[in-house]
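Novice: Top to bottom, those sequences are chains S and G. Numbering follows my numbering, in which position 169 of the first sequence is assigned residue number 169; successive positions increment by one, without gaps. Numbering follows my numbering, in which position 115 of the second sequence is assigned residue number 115; successive positions increment by one, without gaps. Here it is, the structure, as structure tokens.
Protein chains: 2
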Amino acid sequence: MAHRARLAVMTTGPLIAEVAALVGDPARANMLTALMAGKALTASELAYVGGVAPPTASGHLAKLAQARLVVVATQGRHRYFRLASVQVARMLEGLMAVAVDGPPRHRPTGPRDKALAAARTCYDHLAGGLGVGLADALTRRGLVQLDDDGGAVTDDGHRFLAEFGIDLEQAGRSRRIFCRPCLDWSERRWHIGGAVGAALADRCFGLGWIARVRDTRAVSVTPAGRSGFAESFGLEIDEGGQTAPKAA
Amino acid sequence: MAHRARLAVMTTGPLIAEVAALVGDPARANMLTALMAGKALTASELAYVGGVAPPTASGHLAKLAQARLVVVATQGRHRYFRLASVQVARMLEGLMAVAVDGPPRHRPTGPRDKALAAARTCYDHLAGGLGVGLADALTRRGLVQLDDDGGAVTDDGHRFLAEFGIDLEQAGRSRRIFCRPCLDWSERRWHIGGAVGAALADRCFGLGWIARVRDTRAVSVTPAGRSGFAESFGLEIDEGGQTAPKAA
DNA sequence: GCGACGCTTCGGCGCGCGCCGAAGCGATCA
DNA sequence: TGATCGCTTCGGCGCGCGCCGAAGCGTCGC
Chain S
1 MAHRARLAVM
11 TTGPLIAEVA
21 ALVGDPARAN
31 MLTALMAGKA
41 LTASELAYVG
51 GVAPPTASGH
61 LAKLAQARLV
71 VVATQGRHRY
81 FRLASVQVAR
91 MLEGLMAVAV
101 DGPPRHRPTG
111 PRDKALAAAR
121 TCYDHLAGGL
131 GVGLADALTR
141 RGLVQLDDDG
151 GAVTDDGHRF
161 LAEFGIDLEQ
171 AGRSRRIFCR
181 PCLDWSERRW
191 HIGGAVGAAL
201 ADRCFGLGWI
211 ARVRDTRAVS
221 VTPAGRSGFA
231 ESFGLEIDEG
241 GQTAPKAA
Chain G
1 MAHRARLAVM
11 TTGPLIAEVA
21 ALVGDPARAN
31 MLTALMAGKA
41 LTASELAYVG
51 GVAPPTASGH
61 LAKLAQARLV
71 VVATQGRHRY
81 FRLASVQVAR
91 MLEGLMAVAV
101 DGPPRHRPTG
111 PRDKALAAAR
121 TCYDHLAGGL
131 GVGLADALTR
141 RGLVQLDDDG
151 GAVTDDGHRF
161 LAEFGIDLEQ
171 AGRSRRIFCR
181 PCLDWSERRW
191 HIGGAVGAAL
201 ADRCFGLGWI
211 ARVRDTRAVS
221 VTPAGRSGFA
231 ESFGLEIDEG
241 GQTAPKAA
């Protein structure tokens with residue numbers, strides 16, 4: 001039995017607590033959140049986003065690395081950290097989904113918040129109004145199906161995505177291409193995660209329709225993107241970056 | 001725009017930290033883990049599983065309830081707590097998935113660990129060797145497709161499940177029934193979560209093929225279950241509760 | 001080679017949070 | 001009605017962990 005159960009890690013409570021405690025420090029949480037942009041950041045940058053001094057950040061990062069929440073690549077004197085896996089990103093998503101279901105909180109908001117809500121990266125795919133707008137457009141057109149338990153690309157969807165420049169075909173395989181529904185914490189609805197979501201984001205970046213905003217996870221839609229999304233997805237994106245279905 | 005972005009909860013780092021810090025206490029983590037059995041437990045029972053005195057447990061539970069990780073129902077002098085939502089269960093799963101990817105740890109194991117690995121509830125569906133065995137049997141027979149980004153019941157699968165006593169048809173809808181792949185932390189492979197997984201578990205409990213083990217999340221397979229799983233799923237479950245495909 | 005910079009380690013400090021015994025309140029039962 | 005039980009609140013205690021300035025090491029650029 002190659003799949004004989006692993007019996008070495010059975011005490012789930014303490015294991016969960018250990019990981020959660022690491023994420024439960026505000027400085028570390030801020031760092032992990034910043035790494036949700038999908039890029040690698042230096043220790044100094046992470047100290048800055050964590051709001052702590054460099055020595056403190058060093059300690060935090062050592063812990064995150066030891067626990068395999070982040071991985072580090074050294075380039076000269078620079079140490080670049082990124083999230084260790086998509087599982088870590090999903091864990092953070094799960095925490096966020098629970099947090100937004102929590103007790104009402106009044107928090108001041110600013111321009112950065114609007115920008116994040118309009119469009120941002122959720123690790124490797126698009127989120128916010130734009131991410132949800134894309135998911136809505138694709139489902140409305142019958143190109144994708146999404147519900148609580150999952151999603152898939154339809155036959156029409158395959159064709160559409162191929163024309164859009166995304167080739168998800170697996171040679172000789174007749175398997176359905178699944179879409180991972182990812183709960184969007186600002187919109188409280190699904191955007192598309194997984195391989196399809198990542199491919200969509202990649203393609204949009206590649207077309208120059210969207211660009212990353214420096215020092216933040218926000219994504220801005222370019223003028224080319226405004227017309228591209230309108231034409232290909234029937235989405236209108238206004239001057240403030242808000243996404244809505246195009247009026248018929 | 002009814003779906004106008006919520007702008008009140010934008011500072012994700014602190015939000016995530018708050019929830020994670022709650023889960024990061026060992027006593028609270030143990031409580032939440034116990035509630036992953038899918039049943040409600042009293043404050044006293046939770047004090048016991050948390051390994052703390054009743055006054056301490058009271059404080060912990062108040063925090064969990066305030067943050068809406070648990071909900072409480074009062075029956076006379078008994079206070080029954082359960083997980084507040086499936087989102088909370090998924091969050092805990094996500095933490096566990098990351099934890100088992102963490103650094104190697106040596107931990108003593110005992111009979112309870114074996115039992116949990118063999119078969120247990122993961123909130124509302126089956127996990128462990130049995131849960132993964134079921135998923136494998138269903139995929140092997142082409143009744144279900146599962147991969148990293150999702151899963152779905154095939155046409156054959158619909159028929160099979162209907163015959164098995166699970167009716168997932170949605171009246172007049174041609175939508176595909178998706179299966180949520182849930183990463184099994186003891187097997188390190190997918191078992192089936194979501195509505196399909198829950199329905200499967202329900203049905204097996206209903207048939208008396210499996211029974212809950214008192215004071216634990218472990219699930220034991222009954223003699224009726226042993227023959228039932230063999231006949232319906234081609235699974236052999238030995239005296240120790242280990243699940244394997246039946247030899248051809 | 002030297003100074004600047006990124007990063008880590010060290011040591012001391014202070015704060016927060018979980019701990020439990022005692023006490024109190026309300027529900028249950030004989 | 002009185003005793004028992006489940007649960008919560010209160011108050012004091014101790015421990016752990018994050019904080020940062022100082023110092024040290026290695027890399028980089030002039």
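We put the CB at the ideal spot given by N, CA and C, even for glycine. These numbers were taken from a predicted model, which means no experiment stands behind them.
Have a look at S:V132 and S:S227 and give me their C-alpha separation to the nearest angstrom.
Specialist: Position 132 of the first sequence, counting from 1, holds the residue named residue 132 of chain S. Position 227 of the first sequence, counting from 1, holds the residue named residue 227 of chain S. For S:V132 and S:S227, the distance between alpha carbons rounds to 18 Å.
Novice: In this structure, how does DSSP classify S:I16 when only helix, strand and coil are distinguished?
Specialist: The residue labelled residue 16 of chain S in the question sits at position 16 within the first sequence. DSSP places S:I16 in helix when its eight states are reduced to three.
Novice: Taking only beta-carbon positions, decide if S:A5 is within less than 8 Å of chain G.
Specialist: Residue mapping note: residue 5 of chain S aligns to position 5 of the first sequence, counting from 1. For S:A5, the pLDDT reaches just 33, beneath the cut-off of 50, and the residue's location in the model is therefore unreliable, although a value from the coordinates is still provided. True, the Cβ-Cβ gap to chain G drops below 8 Å.
Novice: List in chain order: all unbroken alpha helix (DSSP H) runs of 4+ residues lying wholly within the region 18-103 of chain G.
Specialist: Correct list: 26-35, 43-50, 54-66, 86-100.
Novice: Are the region 15-35 of chain G and the region 15-34 of chain S touching by the rule of at least three beta carbon pairs closer than 8 Å?
Specialist: Taking 8 Å as the limit for Cβ pairs, the verdict is that the region 15-34 of chain S does touch the region 15-35 of chain G.
Novice: What does G:H158 pair with, by DSSP beta-bridge criteria?
Specialist: Reading the second sequence from its first residue, position 158 is the one you call residue 158 of chain G. Answer is none; G:H158 lacks a bridge partner.
Novice: Would you please verify whether the beta carbon of G:I237 is less than 8 Å from any beta carbon of chain S?
Specialist: Taking the second sequence and counting its residues from 1, the one referred to as residue 237 of chain G is at position 237. Cβ-Cβ to chain S under 8 Å: no for G:I237.
Novice: What number of angstroms, rounded off, separates the C-alpha of G:R140 from the C-alpha of G:F233?
Specialist: Within the second sequence, residue 140 of chain G is the residue found at index 140, counting from 1. Within the second sequence, residue 233 of chain G is the residue found at index 233, counting from 1. So the two alpha carbons sit approximately 10 Å from each other.
Novice: Relative to chain G, which residues along the region 20-45 of chain S have a C-beta separation below 9 Å, given in chain order?
Specialist: Those residues of the region 20-45 of chain S that come within reach of chain G (Cβ to Cβ, closer than 9 Å) are A20, A21, L22, V23, G24, D25, P26, A27, R28, A29, N30, M31, L32, T33, A34, M36.
Novice: Quick check: the Cα distance between G:E45 and G:R112, rounded to an integer number of angstroms?
Specialist: Counted from its first residue, the second sequence places residue 45 of chain G at position 45. Counted from its first residue, the second sequence places residue 112 of chain G at position 112. So the two alpha carbons sit approximately 18 Å from each other.
Novice: Determine the chain G residues that contact S:D148 at a beta-carbon separation under 9 Å, and present them in chain order.
Specialist: Counting from one through the first sequence, the residue named residue 148 of chain S turns up at place 148. By Cβ distance, chain G contributes V86, F178, R180, G194, A195.
Novice: Within a Cβ cutoff of 6 Å, which residues of the same chain sit near S:A117, ignoring the five residues on either side of it in sequence?
Specialist: Within the first sequence, the letter at position 117 stands for residue 117 of chain S. Only G128, S186 meet the Cβ criterion.
Novice: Interface residues of chain G around S:I16 at Cβ under 8 Å?
Specialist: By 1-based counting over the first sequence, the position of residue 16 of chain S is 16. Chain G residues near S:I16: V23, A29, L32, T33, L92, L95, M96, A99.
Novice: Which residues mark the beginning and the end of the beta strand (DSSP E) in which S:E236 is found?
Specialist: Taking the first sequence and counting its residues from 1, one reaches residue 236 of chain S at position 236. Residues 235-237.
Novice: Taking one C-beta from the region 81-98 of chain S and one from the region 97-105 of chain G each time, how about it: are there three or more such pairs within less than 8 Å?
Specialist: Touching, per the Cβ criterion.
Novice: Per DSSP, S:G193 forms a beta bridge with which residues?
Specialist: Stepping through the first sequence from its first residue, residue 193 of chain S is reached at position 193. DSSP output for S:G193 lists S:R180 as bridge partner(s).
Novice: Which word fits S:D148, buried or exposed, when buried means at least 16 other C-beta atoms lie within 10 angstroms of its C-beta?
Specialist: Residue 148 of chain S sits at position 148 when you count from the first residue of the first sequence. Burial call: exposed.
Novice: Evaluate G:R217 with the Cβ neighbour count: other Cβ atoms within 10 Å of its Cβ, from every protein chain shown; 16 or more gives buried, anything less gives exposed.
Specialist: Residue mapping note: residue 217 of chain G aligns to position 217 of the second sequence, counting from 1. That one is buried.
Novice: Nearest by alpha-carbon distance to G:Y123: which of G:V23, G:K114, G:G38 is it?
Specialist: Along the second sequence, one-based indexing puts residue 123 of chain G at 123. Out of G:V23, G:K114, G:G38, G:G38 has the C-alpha closest to the C-alpha of G:Y123.
Novice: Can you list the beta strand (DSSP E) stretches of 3 or more residues lying completely in the region 195-226 of chain S, in chain order?
Specialist: With a minimum length of 3 residues, the continuous beta strand (DSSP E) runs that stay inside the region 195-226 of chain S are 210-212, 219-221.
Novice: By alpha-carbon positions, which one of G:A135, G:A115, G:Q145, G:V196 ends up nearest to G:Q242?
Specialist: As a working mapping, residue 242 of chain G is identified with position 242 in the second sequence. For G:Q242, the nearest C-alpha among the options comes from G:A115.
Novice: Using a Cβ-Cβ cut-off of less than 8 Å, list which residues of the region 142-168 of chain G approach chain S; keep chain order.
Specialist: Within the region 142-168 of chain G, the qualifying residues are Q145, D147, D148, D149, G150, G151, A152.
Novice: Taking the continuous alpha helix (DSSP H) assigned at G:R140, which residues delimit it?
Specialist: Here the question's residue 140 of chain G lines up with position 140 in the second sequence. That run of the alpha helix (DSSP H) goes 128-140.
Novice: At 9 Å on the CB atoms, spell out the chain S contacts of G:A67, in chain order.
Specialist: Position 67 of the second sequence, counted from the first residue, corresponds to residue 67 of chain G. Near G:A67 (Cβ distances below 9 Å), the residues of chain S are V98, A99, G102, P103.
Novice: Taking the CB atoms as reference points, tell me whether S:A57 and S:A73 lie closer together than 8 Å.
Specialist: Counting from one through the first sequence, the residue named residue 57 of chain S turns up at place 57. Counting from one through the first sequence, the residue named residue 73 of chain S turns up at place 73. Contact: no.
Novice: For a contact defined as C-beta to C-beta under 7 Å, what are the partners of S:R175 on chain G?
Specialist: The count along the first sequence starts at 1 and reaches residue 175 of chain S at position 175. Within 7 Å Cβ-Cβ: Q145.
Novice: Residues of chain S with CB under 7 Å from G:G13, in chain order?
Specialist: For the purposes of this step, residue 13 of chain G is identified with residue 13 of the second sequence, where counting begins at 1. Neighbours of G:G13 on chain S, chain order: P26, A29, N30, T33.
Novice: Looking at the secondary structure, which residues open and close the alpha helix (DSSP H) in which S:A118 lies?
Specialist: In the first sequence, residue 118 of chain S corresponds to position 118, counting from 1. Where S:A118 is concerned, the enclosing alpha helix (DSSP H) stretches over 111-118.
Novice: Between which residues of its own chain and S:A65 is the CB-CB distance below 8 Å, once the five residues before and five after are set aside?
Specialist: Here residue 65 of chain S refers to the residue found at position 65 of the first sequence. V71, V72, F81.
Novice: Have a look at the DSSP bridge pairing and note the partners of S:L146.
Specialist: For the purposes of this step, residue 146 of chain S is identified with residue 146 of the first sequence, where counting begins at 1. BP columns for S:L146 point to S:G151.
Novice: When you compare the CB of G:G172 with every CB in chain S, is at least one pair closer than 8 Å?
Specialist: The sequence position of residue 172 of chain G within the second sequence is 172, counting from 1. Residue confidence is low: G:G172 scores 48 on pLDDT, short of 50, so the model does not pin down where it sits. Its coordinate-derived value is still stated next. Chain S contact via Cβ: absent.
Novice: Thinking just about the alpha-carbon of each residue, which of G:A119, G:V144, G:D25, G:L92 is nearest to the one in G:V213?
Specialist: Counting from 1 along the second sequence, the entry for residue 213 of chain G is found at position 213. For the residues G:A119, G:V144, G:D25, G:L92, the minimum Cα distance to G:V213 belongs to G:A119.
Novice: Could you name the residues of the same chain whose beta carbon sits closer than 6 Å to that of S:H191, not counting the 5 residues immediately before and after it, in chain order?
Specialist: As a position in the first sequence, residue 191 of chain S is number 191, starting the count at 1. If we look at S:H191 and ignore the five residues flanking it on each side, its Cβ neighbours are A127, G131, V132, A135, C182, D184.
Novice: Does the distance from the CB of G:A230 to the CB of G:K246 come in under 8 Å?
Specialist: Translated into the one-based positions of the second sequence, residue 230 of chain G becomes position 230. Translated into the one-based positions of the second sequence, residue 246 of chain G becomes position 246. For G:A230 and G:K246, yes; Cβs fall inside 8 Å.
Novice: Taking 8 Å as the CB-CB cut-off, is G:M1 touching chain S?
Specialist: In the second sequence, residue 1 of chain G corresponds to position 1, counting from 1. At G:M1, the pLDDT of 27 sits below 50, so the modelled position is not reliable; the number obtained from the coordinates is stated separately. It does: the Cβ of G:M1 has a partner Cβ on chain S nearer than 8 Å.
Novice: Could you check whether G:A20 and S:L95 sit closer than 8 Å to each other, using their CB atoms as the reference points?
Specialist: Taking the first residue of the first sequence as position 1, residue 95 of chain S is located at position 95. Taking the first residue of the second sequence as position 1, residue 20 of chain G is located at position 20. In contact: S:L95 and G:A20 (Cβ atoms closer than 8 Å).
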